[in-house]
C-alpha cells in the first residue's frame, strides 16, 4: 500500500504569487447575473493510487473541432527519421510516466533548433506540489501548472533521475520559460487523426495517454491494441504514424488499419528500441493529448500569479464573462505578456490592463486594451500584449474577457480552487480575483467560489523585453553534449573460424560517453548471430555485416565479419578475439528467428593463396534507390578481395515483382516498392543490399497558387496549389518563410495538388510586416513576397 506524501510549494524565488492586495476594500457590485461553475470531469473520481496517470477534474470542450480543415498529410511519418526525438529513457519502478511523456514532447520540439536537451523528470515528479506524491502519478494539467508557474523545466544534470529518491534541490533554475501547452482533441478512429498529425509535423512529439495492460502487447510486430478494457493508466509520446499498419498485426484484430508510433519510458529493451505501434482505434491512446512548447528564458522575468496549481475548474456567465487578477508590483517592470488558461475550442479573448488601481470602478473606467484574438485549442498560452511599464508599489490589474460560444460551452473562464485528493492546498484571499458578466460591475471571486482565484498571470521583466520569436537557447555551458561516433576495437572488418565464438568491442565517442551501452545486430543472421554484449556466434561460412548502434539508434557503425572454414586464415584480415568453441544452438536461442541451417562448405585447400578466389565480400552502401523503369549497374557497389578474384555472383531477389537483375549485375526497376537482394559467391560468401524503387517523375512542376491568408491574432496560413504535368502534385516539398532576420524552413506535403502550412505569433511576432516565402518541389523553386 502506498503512503500519500505532501510536498510544500517552494516557489518563492521565482514567483510573485505571495503578493497581497492592500488598500481600499472592493465592494461586491455584480449581483444581477448568475455565475455558473463547471462540473468536475466525470472520470475524476475513478483515480487510484495504483495508477501512474491521474484523471484531471478540469473539463475541456472540443465541440467545434469537427469543423477543422483536412490538410495534405503523408501516409507515414516518423520523427526518428529526421532526428526529431530525444533518447529513450527508463522510469523504473516509479509512477512518473507522465513526466517522461511531457518532456518527450518538449525535448522533441527543441530538436527543431538542432540541439538536444535533457530535462529532469525527477524534479517535476517531486516538486509539482499536488496532493498525490512522487510515486503516485500525474497528468498533463499537473505538468502544465508546474511549468507555467516557472518551477521548471530543470536540466537533468541539475537533478538526475532516480526512481527512489523523492527529494529534489530547491536552488536550481529553470532552463526555459513556457510559451504554451496545446491540449489537442481526442482521437477515436482513423478519421480523426489529422490534428495530432499536423501537430507532430509542426511541433514534434505529442503527449498522450495509454493503457499498460500486458495482455494487449504483440511483441512479434511491436504493436499494441486495447479496444477499451480497463482505463488509461500510462502516458507516452506520439512521434509519428503509419496509416497502412495492418489491422491484422495487433494482438486482437483492430476495426481498421493505421497506428501511432509511440515513444515509451520503459527503456530500449521494450518493443522496438523503446517504441511501439499503437492502433488508431485503441481505447486510450490519442486521448488527453498535449504539446509542450518552451520559449527562450528571460533571466529578469517577473511572474505575477495566484494560481500555483493552474486551472482546476472553470466558470462563466452563459458562455462568456470578464475575469481579473489584481497585483501589487514589487519592482519596476515592463508587462509584455499575459498567461491564460483556456478550456474550450476557439475561445475569443480580449486582454486589458488597469493602472494605478483604487477601486472596482477602475476595472471598468480605467482599463486599457492590450491584446485580443482567438485561441484555437484549450491549454495554457502566454499571449503577447502591448508593453506597459509598471512602477514598484503600483497596484494594477490584468483583465480578460473570454467567450466560448463557438464551442457552445458555458464555462469559458478557468479558475484555481481546492479539489480534495488533488489540489486541496489551493487557497485564495479576498481582493485578489474578480468576476463580471458585462465588465461594468464586479464581484470578488471568493464570494462566488470559496478559495478560488482567476487563472491569469501577468508576465513582465525588469530588463529589456526579449524578442519572443528568437531561437530558444540556454547558457552555453548548459547545452547537452551528444555522442558523435562509435569506435570498434577490431576496426572495420575481421574474420573468425566457423568452429569458434568471438567477441567484438565497441565504445561510444567522445570519451565522456565511453561507458554508454551499445546494441549489436547482425544483418546476415544466416552467417553469424551477435548478442548485445558483442558475443559472435558463427552459423555458416560466409560474410556477415554487423550493425553497432547507440541505444537511441542515432549513431551507427558497421563491421564486416568473414566466417571462414575451419583451419583457414585470411591474410588481409585480423582474427577477432576468440572466447571459446562455437556452442551456438539455434533451437535454444530465444532471439532466433528461423535462421536457415546450411551445412558449412568443405575447406578449400590453399584457397587463401589462390588470387582468383574471393576471400571477402561486401557492399559499399546499405541500399540503392532507383526510379521505376530505370536501370542501375550494381557491380561497382559490390566489394570483393583480392582485386584479382573472379567476380561471379548468384543473386536472390526477395520480391521479383519489384526488380530484375542480369548476369552482369544490372538491375531493372519494374515496380514501386523495396526488396532485399542477396549476393553470393561460389565460395559460399554472402551479403545483401536493399533496393528501393521510387516513382519516376511524371511531368513538369508548375505552381498555380502561392499566397497567404489574412493574419488574425498573429496566425496566418500559406496556401499552395501545384501541378505535376496535367495532374495535381502529390508528395513532399520544402517551404521557407522569412521576415527580417527570422527564417523558418519545414517539409510540407501536397495531396492532389493542394498544401497549406500555418504560422503563429510565437514563430513570427505580430510586429513583423514584410514576408518572403519560397516553395521548393524537386528542382522547381518559386518565391512570393507579401505583407500584413
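Residue numbers (my numbering): 1 to 788. Quick reminder that beta carbons are idealized off the backbone N, C-alpha and C, glycines included. The structure displayed is predicted, hence computed values, not measured ones.
Item                                                                                                                            : Value
Segments assigned beta strand (DSSP E), at least 3 residues, entirely inside the stretch 701 to 758                             : 701 to 708, 716 to 724, 731 to 739 and 742 to 750
Where residue 266 falls: helix, strand or coil (DSSP)                                                                           : strand
Alpha-carbon spacing of residue 786 relative to residue 722, whole angstroms                                                    : 19 Å
Residue from 565, 268, 336 and 238 with nearest C-alpha to residue 496                                                          : 565
C-beta contact flag for residue 104 and residue 222 at 8 Å                                                                      : no
Three CB pairs or more closer than 8 Å across the stretch 430 to 439 and the stretch 313 to 325                                 : yes
Collapsed DSSP secondary structure at residue 130 in the structure displayed                                                    : coil
Complete runs of the alpha helix (DSSP H) confined to the stretch 149 to 200 [at least 4 residues]                              : none
Own chain residues within Cβ distance below 6 Å of residue 372, not counting five before or after                               : 350
Which listed residue (80, 411, 694 and 331) has its alpha carbon closest to that of residue 37                                  : 411
Supposed contact pair residue 212 and residue 283 - C-beta distance, whole angstroms, cut 8 Å                                   : Going by Cβ atoms, the distance from residue 283 to residue 212 rounds to 13 Å, so no, they are not a contact pair.
Cut-off 8 Å between Cβ atoms - residues of its own chain near residue 789, not counting five sequence neighbours on either side : The chain is shown from 1 up to 788; residue 789 falls before or after that span and cannot be answered.
Where residue 402 falls: helix, strand or coil (DSSP)                                                                           : strand
Residue interval of the alpha helix (DSSP H) (run including residue 447)                                                        : 445 to 448
Minimum length 3: unbroken beta strand (DSSP E) runs contained in the stretch 504 to 545                                        : 506 to 509, 518 to 522, 528 to 530 and 535 to 538
Proximity of residue 319 and residue 207 at Cβ, strictly below 8 Å                                                              : no
Within 8 Å, strictly: CB atoms of residue 543 and residue 634                                                                   : no
Inter-stretch contact (C-beta, 8 Å, three-pair minimum) for the stretch 307 to 316 and the stretch 416 to 433                   : yes
CB contact flag (residue 329, residue 396, <8 Å)                                                                                : yes
Beta strand (DSSP E) segment containing residue 101, residue limits                                                             : Where residue 101 is concerned, there is no enclosing beta strand (DSSP E), although the alpha helix (DSSP H) it sits in stretches over 97 to 110.
Residue closest to residue 138, alpha-carbon to alpha-carbon, out of 125, 149, 700 and 78                                       : 125
Among 483, 675 and 118, the one whose alpha carbon lies nearest that of residue 516                                             : 483
Residue 113 - DSSP class collapsed to helix/strand/coil                                                                         : helix
Helix, strand or coil at residue 664 [DSSP, three-state]                                                                        : coil
Residue(s) in a DSSP beta bridge with residue 384                                                                               : 337
Range covered by the beta strand (DSSP E) that runs through residue 798                                                         : No answer is possible for residue 798: it lies beyond the span of the chain, which begins at 1 and ends at 788.
With 16 other Cβ atoms within 10 Å as the buried cut-off, status of residue 228                                                 : exposed
Reduced DSSP secondary structure (H/G/I, E/B, other) of residue 581                                                             : strand
Reduced DSSP secondary structure (H/G/I, E/B, other) of residue 656                                                             : coil
Proximal residues to residue 738 (C-beta, below 6 Å), its chain only, five neighbours per side dropped                          : 772
Start and end residues, beta strand (DSSP E) containing residue 78                                                              : 76 to 78
The stretch 683 to 692 in contact with the stretch 704 to 722 per 3-pair CB rule at 8 Å                                         : no
Per DSSP, cross-strand counterpart(s) of residue 323                                                                            : 400 and 435
Residues near residue 546 in its chain [Cβ-Cβ closer than 8 Å; skip 5 each side]                                                : 504, 520, 521, 522, 523, 528, 530, 536, 558, 559, 560 and 561
Start-to-end residues for the alpha helix (DSSP H) that takes in residue 347                                                    : Note, residue 347: premise wrong, no alpha helix (DSSP H); beta strand (DSSP E) at 347 to 354.
Where residue 331 falls: helix, strand or coil (DSSP)                                                                           : coil
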